[in-house]
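Visitor: I'd like to ask you about the structure that follows.
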Amino acid sequence: MTVGSSPPDWSSSTLAAPAWSLRRRLIGQLLLVFAGLAVLLYFSVQAVAGRAADATQDNILGASAIAIAEQVRAVEGAITVDLPYAALEMLGLAGEDRVFYRVASGRGALITGYPDLPDSALPGREDTPLFFTGRYRGDTVRVASVRRSILTGGVRETVFITVAQTREAHGALTVSIALSAAGVGGGFLALAGLLAWIAISRALKPVQEIERAIAARASDDFSPLETAAPREILPLVDAINAFVERLRLTLDTSQQFIAEAAHRIRTPLAALKAQAEVSLKAGPERTSEESLRRMLRAADETSQLTTQLLTQAMVAFRAERAERQRLSLASLARTAARDLEVAAEMRGIDFRMDLTEDAEIEGDEIALLEAIRNLLDNAIKYGPPDDYIEISVRADPAPEVSVADHGPGVPRKDRDKVLERFRRGAVSEDTLGSGLGLSIVRQVMRAHRGRVRLEDNSPQGLCARLVFPPLRKQGKAR
Amino acid sequence: MIPRAFSAGLVLLLVAALLQPAAAIEIEEARSYPALREAGARSLLHVIGTTEADAMDGIVRTFRALQPDVALIYHQASSLDVYKAIEGAVTFDGQSYDLAISSAMDLQIKLVNDGLARRHRSLVTTRLPRWASWRERIFGFTREPAVIAYDMKAFAEAPPQSRFELLSLLRSEEGRFAGRVATYDPKVSGLGYLFATQDSLQSETYWRLMEVFGNLSARLSCCSGEMLDLLESGEIAVAYNVLGSYAQARRAAGAPIGIIYPQDYTLLMVRTALIPASSDNAEDAGKFIDFLVSPEGQRVIAGEASLAPALPEGDEGSLIPIRLGPGLLVFLDSLKRRAFLSEWESAVTAKR
């Protein structure tokens, strides 16, 4: 747990990576889609327009050719045609295109008109005109051709009537329709873009509201956000609220810790001060050995308390922040045991170790060492002198370190309490202690997703077990 | 055509016999207008047209004042000869005709349709009304009615106002009008053929009128000017399908000529100009066209040249403009032309 309260740093980490705009990305993708649709619209309109323009010109050309065909006559054995005025006049109604015509007999002899007009590849049909596009006198022409058979001097003679027209009006019509289509497409694109912009802005409004709500909030306001967020944004709001709640709890705990720590340190210091004043008043001759010993005890107590408070802060910090590394529980246990060898010897206590070498976990070495040392320290303090303490490491079913003594143990009802800060067991009144040891252990184990279990040792005493999650599972969970 | 007095200062060229080019077209009259700016005769513009040289005179003079660098020769010819000159790319003394002006709309349209005219586009021509241009190659600069002209001395009573009234009058008084009526000979005159064919499209009355003309041994003429001369000299009493503009000019000059805009319908002819594809001086030809259709050119045409007579007012409905378009090609079809002329011939010579 961090004791020093540095303000949470919002600008770092995930929130402020190179910023991209959701709105711009949406608009961009939508416009891309719309542009595709507009292009599709343009080409389909153009294709339809082209066919419509073709059909219009074909209709007039066909009507013209049929009108001429109807005027083909056999007069005194010769085929003649009385060109109807309307036949060519109607071709001049839509536009100013050049017009050509030819009437020729089946044998290819010209009856009248332009002799070099292009021929249809297929034979013309009676009554139904045949259409094709060709070139004549330097221009592209649309040609309609019909066939008519006529009886002349007892012989059936086929007459081909061909009417051709240049395609300028057709081209102009197609271009003008295509331009309109392009205009419509462009307008569609612009309108769609505008509407998309408005729609996206409206859709993103809740996000802005949340941003405003957070920005406007006082730094000590930890109440949950209350905005009418849509279903899609709700998880974000919930996440923010959950985070704020955690932050509040963390800050609360820190403040409680500081208040309590201050109080705890003040008491032995006051006692020390009082002893010193009494001794000072009494003068050097009357200062008893007893009062000096009390002062020393008070100073010891203060020192140990301070050390443990700082240790806890350090351990909590490391447990939360430090890099995890792969560690062997057996070597951790050995290191912790070696550190406390001298303290154990002073009470005539041996360590008996039962270590499985392949128990491995991931974690922070310094914090874990501190936790195991705390357990050993407690066992040395509360266990009977001239005894032994069992240290064991197991790999199955989960990695585990346990420390067992033969002291008075902790009654079942007090076991949760002793794990809290500044709580001490009922038997510890005479023993020097801060009440922080087990709470440090619990904190370290929480940071490693493990648990502390306090159990009865047989026939008597306490067995403290640190159970870690299995390595593979832990790896997966991270 | 009887030549008129020529303005002093102009060089008159009578070239009909002298400079006849290979393809036989007949130039009735040619007038040369040297460039006003003596030193810089930048270019020479050959205009061939059916319009009387006198009528063109004012137009050419005003144009020349605007383009002092351009020398111009106006060649007057019949409408068929104008057509032949352009169609055969005939040259004059080795030089091309740069502009063709004709009253025979059908022949002009055929030149354009067959790709023998050059495109011309300018600020002025884009503002022209729909009736005045086709394919940006042919430009109308007058609208002239086909009228019935009569000798006022020969009519004591009110003159007929329509073809039907004329028909009744001629039928009832054959002796009075025998040999004293005239109309175009469509075999000779392109404009006459255009009027005749358009008449035949409008009404059957035309054919009956031609039959009566045949009965009266009508005079057949090449041109409006000739018919008006006959009227002026009193040789004939009625001329059918005369150009209203020419008749009005005579009247304005004091001739006792009456003009009837037939109430059943009055054909409106558009006098057109085009730049032949064979032109060597299309640039100046384009300037001449721009001038013809410009407000200034129109003012000269209406005033000095008398080519745009006031049209009868309040009776717009009887005016039938001949449309510039491919329909005009129909009567140029050789079979159609042969058939039409033979029908016309048989009508006019029916009881002769």
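First to last, the protein sequences are chains A and B.
According to our numbering, the residues represented by the first sequence are -1 to 476, in order.
According to our numbering, the residues represented by the second sequence are 13 to 364, in order.
Built from N, CA and C at the ideal position, the CB exists for glycine as well.
All of these numbers come straight from a predicted model, not from anything done at the bench.
#1: In the DSSP assignment, find the unbroken alpha helix (DSSP H) run with A:Asp236 in it and report its ends.
#2: When the distance is taken between beta carbons, is A:Gly281 closer than 8 Å to A:Gly381?
#3: Is there at least one Cβ from chain A nearer than 8 Å to B:Trp146's Cβ?
#4: Rounded to the nearest angstrom, what separates B:Ser318 and B:Ile269 at their Cα positions?
#5: Taking 8 Å as the CB-CB cut-off, is B:Lys348 touching chain A?
#6: Give the DSSP-derived three-state secondary structure of A:Cys461 in the structure shown.
#7: Can you tell me whether B:Leu203 is helix, strand or coil according to DSSP?
#8: Identify every residue that forms a DSSP beta bridge with B:Trp146.
#9: Near A:Ala92, which residues of its chain fall below 6 Å by C-beta distance, leaving aside the five closest residues on each side in sequence?
#10: Quick check on the DSSP output: what are the complete alpha helix (DSSP H) runs of length 4 or more inside the stretch 276 to 354 of chain A, in order along the chain?
#11: Taking A:Ser289 and A:Gln273 to be in contact with their CB atoms under 8 Å, please state how far apart those CB atoms are, rounded to whole angstroms.
#12: Tell me the DSSP bridge mates of A:Glu453?
#13: Closer than 7 Å by beta-carbon distance: list the chain A residues that pair up with B:Asn125, in chain order.
#14: With C-beta atoms as the reference, is B:Ser233 less than 8 Å away from B:Asp197?
#15: Indicate whether at least one CB of chain A lies closer than 8 Å to the CB of B:Pro288.
#16: I want to see whether chain E comes within less than 8 Å of B:Val342, judged by CB atoms only; does it?
#17: Indicate whether the contact test is met: 3 or more Cβ pairs, each with one atom in the stretch 327 to 347 of chain B and one in the stretch 68 to 87 of chain A, closer than 8 Å.
#18: List the residues of chain B that A:Val79 touches, going by C-beta distances under 7 Å, in chain order.
#19: List, in order along the chain, the chain A residues whose C-beta lies closer than 7 Å to that of B:Gly337?
#20: Anything in the stretch 204 to 227 of chain B with a Cβ closer than 8 Å to a Cβ of chain A? List those residues in chain order, please.
#21: Going along chain A in order, which residues have a C-beta closer than 8 Å to the C-beta of B:Ala351?
#22: Mapping DSSP to helix, strand and coil, what is B:Arg130?
#23: Considering only residues of the same chain and omitting the five flanking positions on each side of B:Tyr252, which have a CB-CB separation below 6 Å?
#24: Step through the CB atoms of chain B and report whether any lies within less than 8 Å of the CB of A:Thr138.
#25: Going by the beta-carbon positions, is the gap between B:Thr74 and B:Val312 smaller than 8 Å?
#26: May I have the straight-line CA-CA distance separating B:Leu344 from B:Gly152, to the nearest angstrom?
#27: With 8 Å set as the bound, which would you pick, yes or no: does the beta-carbon of B:Gly326 sit closer than that to a beta-carbon of chain A?
#28: Under a three-way DSSP split, which group does B:Pro413 fall into?
#29: What is the DSSP secondary structure of B:Asn227, reduced to helix, strand or coil?
#30: Checking 8 Å against the spacing of the C-beta atoms, do B:Ile60 and B:Ala89 come in under that value?
#31: Assuming contact is defined by CB atoms lying nearer than 8 Å, are A:Ala176 and A:Gln27 in contact in what I supplied?
#32: Of all the options B:Val124, B:Leu179, B:Arg43, which has the alpha carbon lying nearest to the alpha carbon of B:Thr63?
Guide: The answer reads as follows:
#1: Counting from one through the first sequence, the residue named residue 236 of chain A turns up at place 238. 232 to 280 is the extent of the alpha helix (DSSP H) around A:Asp236.
#2: Position 383 of the first sequence, counted from the start, is the residue given in the question as residue 381 of chain A. Position 283 of the first sequence, counted from the start, is the residue given in the question as residue 281 of chain A. Contact: no.
#3: Sequence index remark: in the second sequence, residue 146 of chain B carries index 134 (1-based). Chain A, which has a Cβ nearer than 8 Å to the Cβ of B:Trp146, makes this yes.
#4: Here residue 318 of chain B corresponds to residue number 306 of the second sequence, with the count starting at 1. Here residue 269 of chain B corresponds to residue number 257 of the second sequence, with the count starting at 1. Roughly 16 Å between the two C-alpha positions.
#5: Position 336 of the second sequence, counted from the start, is the residue given in the question as residue 348 of chain B. Yes - at least one Cβ of chain A is within 8 Å of the one on B:Lys348.
#6: For the purposes of this step, residue 461 of chain A is identified with residue 463 of the first sequence, where counting begins at 1. A:Cys461: strand per DSSP, three-state reduction.
#7: What you label residue 203 of chain B is simply residue 191 of the second sequence in a count that begins at 1. B:Leu203: helix per DSSP, three-state reduction.
#8: Within the second sequence, numbered from 1, the residue matching residue 146 of chain B stands at position 134. Note: B:Trp146 sits in a beta bridge opposite B:Ile150.
#9: As a first step, residue 92 of chain A is located in the first sequence; it is residue number 94 there, counting from the start. Within the same chain, A:Ala92 has close Cβ partners Ala167.
#10: 287 to 319, 327 to 337, 339 to 344
#11: Position 291 of the first sequence, counted from the start, is the residue given in the question as residue 289 of chain A. Position 275 of the first sequence, counted from the start, is the residue given in the question as residue 273 of chain A. Sure, about 6 Å apart at Cβ, within 8 Å.
#12: Here the question's residue 453 of chain A lines up with position 455 in the first sequence. Answer is A:Cys461, bridged to A:Glu453.
#13: Mapped onto the second sequence, residue 125 of chain B falls at position 113. In chain order: Arg96, Val97.
#14: Position 221 of the second sequence, counted from the start, is the residue given in the question as residue 233 of chain B. Position 185 of the second sequence, counted from the start, is the residue given in the question as residue 197 of chain B. Contact flag set, yes.
#15: Here the question's residue 288 of chain B lines up with position 276 in the second sequence. By this cut-off, B:Pro288 is not an interface position.
#16: No chain E is part of this structure, whose protein chains are labelled A and B.
#17: yes
#18: The residue given as residue 79 of chain A occupies position 81 in the first sequence. Neighbours of A:Val79 on chain B, chain order: Leu347.
#19: Here residue 337 of chain B refers to the residue found at position 325 of the second sequence. Near B:Gly337 (Cβ distances below 7 Å), the residues of chain A are Glu87, Gly90.
#20: Leu213
#21: Within the second sequence, numbered from 1, the residue matching residue 351 of chain B stands at position 339. By Cβ distance, chain A contributes Thr78, Asp80.
#22: Stepping through the second sequence from its first residue, residue 130 of chain B is reached at position 118. B:Arg130: strand per DSSP, three-state reduction.
#23: One-based indexing of the second sequence puts residue 252 of chain B at position 240. These residues qualify, in order along the chain: Ile160, Thr195.
#24: Mapped onto the first sequence, residue 138 of chain A falls at position 140. A:Thr138 does not count as touching chain B.
#25: Numbered from 1 along the second sequence, position 62 holds the residue referred to as residue 74 of chain B. Numbered from 1 along the second sequence, position 300 holds the residue referred to as residue 312 of chain B. Contact flag set, yes.
#26: One-based indexing of the second sequence puts residue 344 of chain B at position 332. One-based indexing of the second sequence puts residue 152 of chain B at position 140. Between B:Leu344 and B:Gly152, the C-alpha separation is close to 20 Å.
#27: Here the question's residue 326 of chain B lines up with position 314 in the second sequence. At B:Gly326, the pLDDT of 47 sits below 50, so the modelled position is not reliable and the matter cannot be decided from this model.
#28: The first residue shown for chain B is 13 and the last is 364, placing residue 413 of chain B beyond what the model contains.
#29: Indexing the second sequence from 1 puts residue 227 of chain B at position 215. Residue state, collapsed to three classes: helix.
#30: Position 48 of the second sequence holds residue 60 of chain B. Position 77 of the second sequence holds residue 89 of chain B. It is a contact, given that the beta carbons lie within the stated cut-off.
#31: Taking the first sequence and counting its residues from 1, one reaches residue 176 of chain A at position 178. Taking the first sequence and counting its residues from 1, one reaches residue 27 of chain A at position 29. Not closer than 8 Å, so no.
#32: Against the second sequence, residue 63 of chain B aligns to sequence position 51. Nearest C-alpha to B:Thr63: B:Arg43.
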